[in-house]
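Below is one structure; the comments refer to it alone.
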Amino acid sequence: MPINVAELFQDNQRRNEILKTLVINDIKIIKACDGQAELSVEITESMLNVHEKIHGGVLFTIADSTAGACAVSLGKKVVTLNSNINFIKANPTGKVISKGRVVHKGRSTVVVDVNTYDYTTDALLSTSSFTMFVLGEYF
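Using our numbering, the first residue of the sequence shown is number 1420, and each one after it goes up by one.
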């Protein structure tokens, strides 16, 4: 039976076990199943750097959240163990979409590749890889 990641995050939020960034930055889960996930966020003024472009930390946050959603969709309770991000293009405003997929599912680690795009133009903004440490199973 597929896991409904959005419901799982909502349940965890009620128990105070969710990343607060999903709530604070209004990150939306578009889909998350079978080791793949897509999340989006509307960029606001507070998410821009001094150059009026999306702050790299915002891109990292949505990529990290996407990697977590990919792992959770496989029933894994995870935390980020290691990550690498390459910023490709600066983006001033708008909506951002992050797409990830699990490339390795082990007993103690899950590796996820994530790309982040401008929602309107589909321009690649960043590429990243995350190694997630498995704390346990959801089922």
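We put the beta carbon where it would ideally sit given N, CA and C, even for glycine.
**OP:** Go ahead and pull the three-state DSSP assignment for I1462.
**Re:** The sequence position of residue 1462 within the sequence shown is 43, counting from 1. In the structure shown, I1462 sits in a strand (DSSP, three-state: E or B).
Subject >> Residue of L1458, S1465, E1471 and C1452 minimising C-alpha distance to A1509 >> reply: Taking the sequence shown and counting its residues from 1, one reaches residue 1509 at position 90. The candidate whose alpha carbon is nearest that of A1509 is E1471.
**OP:** Just grab the DSSP bridge partners of D1532 for me.
**Re:** As a first step, residue 1532 must be located in the sequence shown, where it is residue number 113. DSSP, once it has assigned bridges, lists R1520 and S1548 as partnering D1532.
Original post:
Nearest to S1484 by alpha carbon, out of E1556, I1448 and L1543?
Top reply: As a position in the sequence shown, residue 1484 is number 65, starting the count at 1. Per the Cα distances, I1448.
**OP:** Entirely within the region 1460 to 1507 and at least 3 residues each: give me those beta strand (DSSP E) ranges in chain order.
**Re:** 1495 to 1506
**OP:** For the beta strand (DSSP E) containing I1449, list its first residue and its last residue.
**Re:** Mapped onto the sequence shown, residue 1449 falls at position 30. First-last of the beta strand (DSSP E) with I1449: K1447 to C1452.
Original post:
Apart from the five residues just before and just after D1532, which ones in its own chain have a Cβ nearer than 7 Å to its Cβ?
Top reply: To locate residue 1532, count along the sequence shown from 1; it is residue 113. Only G1519, R1520, V1522 and S1548 meet the Cβ criterion.
Subject >> Of the listed residues L1478, I1516 and I1473, nearest to L1458 (C-alpha basis) >> reply: Taking the first residue of the sequence shown as 1, we reach residue 1458 at position 39. Nearest of L1478, I1516 and I1473 to L1458, Cα basis: I1516.
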